[in-house]
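Report on one structure; see the data block that follows.
Chains as they are written, first to last, in our numbering: chain A, 1 to 356; chain B, 1 to 319.
Right, dumping it as structure tokens:
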């Protein structure tokens with residue numbers, strides 16, 4: 001069977017994949033800060049993605065409803081979730097369609113809140129991180145993430161529970177160009193986050209993190225306050241993951257808290273391990289490899305089904321599982337290994353020394 | 001007193017059955033932890049393997065032969081196949097990685113990669129069986145093939161059977177570890193790896209046998225799981241956080257910690273839902289939060305688990 005090449009379809013596929021690449025890129029970059037630079041067993045990453053989404057679906061959406069649509073979703077949660085929410089949100093979308101400023105304000109407020117909520121939770125989780133051994137910390141984070149998911153999913157007042165909640169579209173004013181516009185927004189944030197994390201990693205702060213990861217006692221001897229570093233990293237990485245969660249919600253304009261299963265944590269780990277821990281370009285490469293493989297397999301889905309008569313998605317799982325194991329065994333640094341951190345070039349250093 | 005008298009039999013029976021199942025699952029995980037130093041993310045999938053081996057054996061082997069099928073006929077095969085899968089994961093993935101000096105986090109991530117592989121293999125087999133032979137391969141309950149003691153119903157029989165199974169397996173493990181030469185060697189290898197190696201013990205072979213036990217016990221637990229939860233490729237994976245909780249609450253380093261942890265988690269899960277959540281009008285889905293809260297408290301204040309607390313109390317008492 002020859003694959004019929006449809007340019008328009010291909011462009012749409014590319015665009016949607018690129019948006020997801022940008023959002024997951026931010027998510028995996030934040031994981032890299034914790035795993036690659038500080039060596040934390042962060043098995044509860046999805047918790048912060050969930051909290052970012054929760055800030056949008058549970059808090060700012062309610063604020064917008066009260067301000068613009070005059071609806072208080074909390075007065076009758078069941079009625080709102082099962083019937084009212086679609087019309088109420090449509091009303092807000094009409095307003096955003098003519099008033100970009102309101103939309104942008106809503107968008108930015110949501111992101112700030114998402115980052116704040118996830119960041120504060122990150123600081124809370126850094127408490128146990130200081131005292132527990134690796135495997136226990138991993139389990140604690142995993143279980144905490146599950147607790148957050150169960151509580152938020154089965155409390156309808158948070159984000160309409162199992163129904164899921166519809167989110168107003170802050171980019172309704174873009175009209176037909178919404179998809180492209182959102183792609184630009186997502187990439188803007190990816191660039192921003194990449195620059196911030198790259199900057200952090202190559203600063204004295206980043207070098208201290210690597211020192212703590214590789215030789216904690218030695219780092220302590222040199223006067224690095226390990227507690228402070230861990231709290232900062234947890235807060236920063238969680239806040240960034242919260243932003244990724246908010247961006248994910250605005251991409252779908254919908255959120256159901258039940259989607260934040262542990263699998264999302266491990267998919268991010270898979271991307272990071274394959275791409276390369278401790279290297280931000282590697283982290284993004286891992287995300288790209290994942291999505292390229294995912295889309296190529298989904299294009300040839302029907303062909304595979306004709307040969308093997310099983311759902312092709314499972315071959316993808318096997319490929320990724322084997323890839324993770326092989327990378328860990330034979331190339332633990334990933335496709336792109338960790339690079340020595342950048343310092344000032346020798347010429348500048350010598351000039352500074354002469355001046356000093 | 002009212003609370004104790006108010007407990008009805010089905011709830012109590014279910015609580016104990018679930019506890020027994022969690023004990024078997026936790027026993028396997030603790031053995032994994034003792035030998036490999038990691039809680040494996042692929043542990044739930046071993047249980048799924050056991051459940052599917054049992055189901056497919058009944059469908060393709062016992063029923064065509066006209067045997068009055070029940071799951072206990074499949075147990076030898078279940079233990080063998082799941083044990084073989086577990087040994088294979090140890091030999092093919094964990095042992096080479098440990099030899100290369102991999103740390104705990106890489107090993108845990110590798111076990112997650114293993115989860116992907118085993119999970120997908122099970123799913124592919126299930127798809128293949130369904131598409132080729134037209135046999136229903138998902139959302140079946142194995143309860144149909146439980147052995148029913150004369151004069152009792154399914155719940156009572158399962159209560160009796162799982163309790164016997166836990167007693168037998170823990171007794172066998174005890175005999176194996178404390179009364180045989182292999183047990184001495186194994187405990188020596190766990191206590192001091194380098195010394196054991198120095199006196200000529202093939203530590204890796206000892207651990208490979210331990211993984212065979214892990215697989216066998218977990219596979220049997222999987223069969224019981226599939227009597228209460230519909231059998232799918234996600235059967236074990238979905239309950240993995242609970243298995244972790246059982247092991248951590250009991251204490252990862254002690255084999256019998258799992259017994260303690262299993263009862264704490266199983267009883268609190270079912271009773272908590274029936275006697276705390278329902279009267280308060282909280283949805284029963286919240287029952288998962290109870291063991292999770294337990295484990296968070298345990299990890300924050302006593303990471304050695306209940307078994308560790310008890311043994312340190314005993315030691316203090318001796319002094």
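Heads up, the beta-carbon is just placed ideally off N, CA and C, and yes, glycines get one too.
Run down chain A in chain order and give the residues with a C-beta less than 7 Å from the C-beta of residue 295(B).
Taking a Cβ-Cβ threshold of 7 Å, the residues of chain A close to residue 295(B) are 143, in chain order.
Distance, residue 314(B) Cα to residue 254(A) Cα:
In a straight line, the C-alpha of residue 254(A) is about 55 Å away from that of residue 314(B).
Chain-order list of residues whose beta-carbon lies under 6 Å from that of residue 308(A) (same chain, five-residue window excluded)
There are no such residues.
Quick check: is the beta carbon of residue 121(A) nearer than 8 Å to any beta carbon in chain B?
Judged by the 8 Å Cβ criterion, residue 121(A) is not in contact with chain B.
Whose Cβ in chain B lies nearer than 9 Å to the Cβ of residue 321(A)?
What residue 321(A) touches in chain B: 112, 113, 114, 115, 116, 117, 118, 119, 120.
How should residue 67(A) be labelled, buried or exposed, when 16 other C-beta atoms within 10 angstroms of its C-beta is the threshold for buried?
Burial check for residue 67(A): the Cβ neighbour count within 10 Å stays below 16, so the residue is exposed.
Does the beta carbon of residue 214(A) sit closer than 8 Å to a beta carbon anywhere in chain B?
Closer than 8 Å to the CB of residue 214(A) there is not a single CB belonging to chain B.
Check whether residue 11(A) and residue 113(B) have beta carbons under 8 Å apart:
Not in contact: residue 11(A) and residue 113(B) (Cβ atoms no closer than 8 Å).
Could you give the first and the last residue of the continuous alpha helix (DSSP H) run that contains residue 79(B)?
Per DSSP, residue 79(B) belongs to the alpha helix (DSSP H) from 71-89.
Thinking just about the alpha-carbon of each residue, which of 288(B), 56(B), 31(B), 265(B) is nearest to the one in residue 136(B)?
Comparing Cα positions, the closest option is 56(B).
Looking at the strands, I want to know which residues DSSP matches up with residue 165(A).
Partner(s): 255(A).
Output needed for residue 19(A): all residues of its chain with C-beta closer than 7 Å, excluding positions within five of it in sequence on either side, in chain order.
Taken in chain order, the residues that qualify are 182, 183, 186, 251.
Residue 325(A): contacting residues in chain C (beta-carbon distance under 8 Å):
Protein chains in the displayed structure are A and B, and chain C is not among them.
For residue 311(A), return the contacting residues in chain B, with the cut-off set at a CB-CB distance below 9 Å.
In chain order: 123, 124, 127.
Which value, in whole angstroms, describes the spacing of the CA atoms of residue 48(A) and residue 122(A)?
Taking the CA atoms as reference points, residue 48(A) sits about 8 Å from residue 122(A).
8 Å contact criterion, which residue 245(B) and residue 143(A) should meet: CB distance rounded
The beta-carbon separation of residue 245(B) and residue 143(A), rounded to 6 Å, stays under the 8 Å limit for a contact.
Near residue 3(B), what residues of its chain come up, given a Cβ to Cβ distance below 8 Å and the 5 sequence neighbours on each side ignored?
In this predicted model, residue 3(B) has a pLDDT of only 45, less than 50, meaning its place in the structure is not dependable; the value taken from the coordinates is given anyway. The beta carbon of residue 3(B) sits closer than 8 Å to the beta carbons of 275 from its chain, once the five residues preceding and following it are set aside; these are given in chain order.
Establish whether the CB of residue 138(B) and some CB of chain A are separated by less than 8 Å.
Contacts with chain A at 8 Å (Cβ-Cβ) do not include residue 138(B).
Between the CA atoms of residue 47(B) and residue 205(A) - distance to the nearest angstrom
The C-alpha of residue 47(B) is placed about 45 Å away from the C-alpha of residue 205(A).
Considering Cα atoms alone, identify which of 141(B), 216(B), 248(B), 148(B) is closest to residue 88(B).
The shortest Cα separation from residue 88(B) among 141(B), 216(B), 248(B), 148(B) belongs to 216(B).
Below 7 Å on C-beta distance, what does residue 289(B) contact in chain A?
Correct list: 147, 150, 151.
When the Cα atoms are used, what is the spatial distance from residue 318(A) to residue 119(B)?
Rounded to the nearest angstrom, the two C-alpha atoms are 8 Å apart.
Can you say whether residue 279(A) is buried or exposed, counting buried as having 16 or more other CB atoms within 10 angstroms of its CB?
Under the 10 Å beta carbon count, residue 279(A) is surrounded by 16 or more other beta carbons and is classified as buried.
Can we count residue 101(A) as close to the ligand MG, meaning its CB is less than 7 Å from some heavy atom?
Among the components of this structure there are no ligands whatsoever, and the ligand MG is therefore not found.
So that I know if they touch, is there some Cβ in chain B lying closer than 8 Å to that of residue 318(A)?
True, the Cβ-Cβ gap to chain B drops below 8 Å.
Is there a Cβ from chain A that is less than 8 Å from the Cβ of residue 248(B)?
By this cut-off, residue 248(B) is an interface position.
Under 9 Å Cβ-Cβ, which residues of chain A neighbour residue 146(B)?
By Cβ distance, chain A contributes nothing, its closest Cβ being about 30 Å from residue 146(B), past 9 Å.
Can a CB atom of chain A be found closer than 8 Å to the CB of residue 208(B)?
Chain A, which has no Cβ nearer than 8 Å to the Cβ of residue 208(B), makes this no.
Give the single residue among 126(B), 27(B), 222(B) whose Cα lies nearest to the Cα of residue 75(B).
Here the closest residue by C-alpha is 222(B).
So, does the CB of residue 299(B) fall closer than 8 Å to a CB anywhere in chain A?
Yes, contact with chain A.
Give the straight-line distance between the Cα atoms of residue 162(A) and residue 140(B), rounded to the nearest whole angstrom.
Straight-line Cα distance between these residues: approximately 25 Å.
Answer yes or no: do residue 59(B) and residue 158(B) have a C-beta to C-beta separation smaller than 8 Å?
For residue 59(B) and residue 158(B), no; Cβs fall outside 8 Å.
If you measure from the beta carbon of residue 38(B) to each beta carbon in chain A, is any gap under 8 Å?
Interface criterion met: the Cβ of residue 38(B) is under 8 Å from a Cβ in chain A.
Count the other C-beta atoms from every protein chain shown that fall within 10 angstroms of the C-beta of residue 1(B), then say buried if there are 16 or more, exposed otherwise.
With a pLDDT of 32 at residue 1(B), under the threshold of 50, the predicted position of this residue should be treated as unreliable, though the coordinate-derived value follows. Residue 1(B) comes out exposed.
Got a sec? Which residues, its chain only, sit under 6 Å from residue 27(B) by beta carbon, not counting five neighbours each side?
So the list reads 217, 258, once near-sequence residues are dropped.
Tell me the DSSP secondary structure of residue 158(A) in three-state form.
Note: residue 158(A) maps to helix in three-state DSSP.
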